[in-house]
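Each residue of the sequence shown is one higher than the last, beginning at 57 in the numbering used here. From the three backbone atoms N, C-alpha and C, an ideal C-beta is built for every residue, glycine too. Since the structure is predicted, the reported quantities are computational estimates derived from the model, not experimental observations. Working notes, beginning with the structure itself.
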Amino acid sequence: MAERPYIVGNWKMNGTRTMLSEARAIDRAAQRYMKVEVALAPPATLIHAVHKEAEQIGIGAQDCHPGEFGAHTGDVSAAMVADAGAKFVILGHSERRGGHGESNALIKQKIESALAAGLRIILCCGEDLATRDAGSAEDFVVEQLTASLPDIADAAERLTVAYEPIWAIGTGRTAGAGDIAAMHEAIRALLVKTYGKQQGGEVRILYGGSVNSDNAREILAIGEVGGALVGGASLTAENFLGIVVGASEAMES
Ligand code: 13P
């Protein structure tokens, strides 16, 4: 596991201001687990409010438009989410790829725009069940990443990759330890090929898909897993902190 595991909650399209108390509770408790880096990506409407509450945790956005500004009704740019307090942005999530037809090329443009706005990136990748069953999951993910990784020389310093098999998201199913290990090794090899041994070796690779307080410790103990991207179990402080505690314990074992 990475020196400091990175546990990121993705609230997706959940949360109004009534959930600020959960964010506050997560932030205050995270101060007791300094060996773990904790972050939250609330919906865009809450970025600023959560940012104002947070003393310890990192705050990020779940998406941004590739352009800087202009006539794009309903969209928000990387500079806008940064202005609201985001320090990172999740890009290429399968719910954006599937629900909004996002291509690898578009995701690459968004990454470049987010880097230009000073944000860190969590780039998501992952295969569907048919691809996994066909035995081509690793080829598929490597192709996804190859087509969207930024060419910018120092991009690796601000990059995190999240492997989220689509069939494990919100289903209660997690990938097997062997499959997670093999996929994370394939991603590491690609990162090293793209950014060199030193920089490519330091990019954190998160696992996501039905991570909860019961399975976090086991998943985080798998080689090359540098943290977790958590959906449903990040919506309450109680559940999310169970994962943070698991990460902290995994560091000590
Ligand atoms: P769940 O943890 O709800 O499966 O969601 C994972 C995810 O998509 C995080 O980005």
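Requested in this report: Could you tell me which uninterrupted alpha helix (DSSP H) segments, each at least 4 residues in length, are contained entirely in the stretch 108-193, listed from first to last along the chain?
Outcome: 134-140, 150-155, 160-172, 185-189
Query raised in the report: Among residues of its own chain, excluding the 5 on either side of I222, which ones have a beta-carbon nearer than 6 Å to its beta-carbon?
Result: S150, G182, D184
Query raised in the report: Thinking C-alpha only, which one of L147, C120, T129, Q112 is nearest M52?
Result: Outside the shown range of the chain, which is 57 to 309, sits residue 52, and nothing can be said about it.
Query raised in the report: Per DSSP, which one or two residues make a beta bridge with E93?
Result: Y62
Query raised in the report: For the beta strand (DSSP E) that contains G286, what are its first and last residues?
Result: According to the sequence provided, residue 286 is Val. The question's Gly does not apply to it. From DSSP, the beta strand (DSSP E) with V286 extends over 283-286.
Query raised in the report: When the Cα atoms are used, what is the spatial distance from Q112 to G264?
Result: Going by the C-alpha atoms only, they are around 22 Å apart.
**Report entry** Chain-ordered list of residues that sit, by beta carbon, closer than 6 Å to a heavy atom of the ligand 13P
**Finding:** N66, H149, E220, I225, G226, G264, G265, S266, V267, L285, V286, G287, G288, A289
Query - From D195, V267, L247, residue whose alpha carbon lies closest to that of A209 - result: L247
Requested in this report: Please confirm if the stretch 74-81 is in contact with the stretch 215-234, defined as three or more CB-CB distances below 8 Å between the two stretches.
Outcome: By the criterion of at least three beta-carbon pairs nearer than 8 Å, the stretch 74-81 is not in contact with the stretch 215-234.
Report task. Leaving out five residues on either side along the sequence, give the residues of the same chain with a beta carbon under 8 Å from the beta carbon of G154. Result -> Cβ within range, chain order: I222.
Query raised in the report: Within this structure, are the beta carbons of G287 and G226 separated by less than 8 Å?
Result: Going by C-beta atoms, G287 is nearer than 8 Å to G226.
Query - As assigned by DSSP and simplified to three states, the class of A262 - result: Here the sequence assigns Leu to residue 262, which means Ala is not the residue at that position. Three-state result, L262: strand.
Report task. Take H104 as the anchor and find which of G141, E124, A95, A86 has the nearest alpha-carbon. Result -> G141
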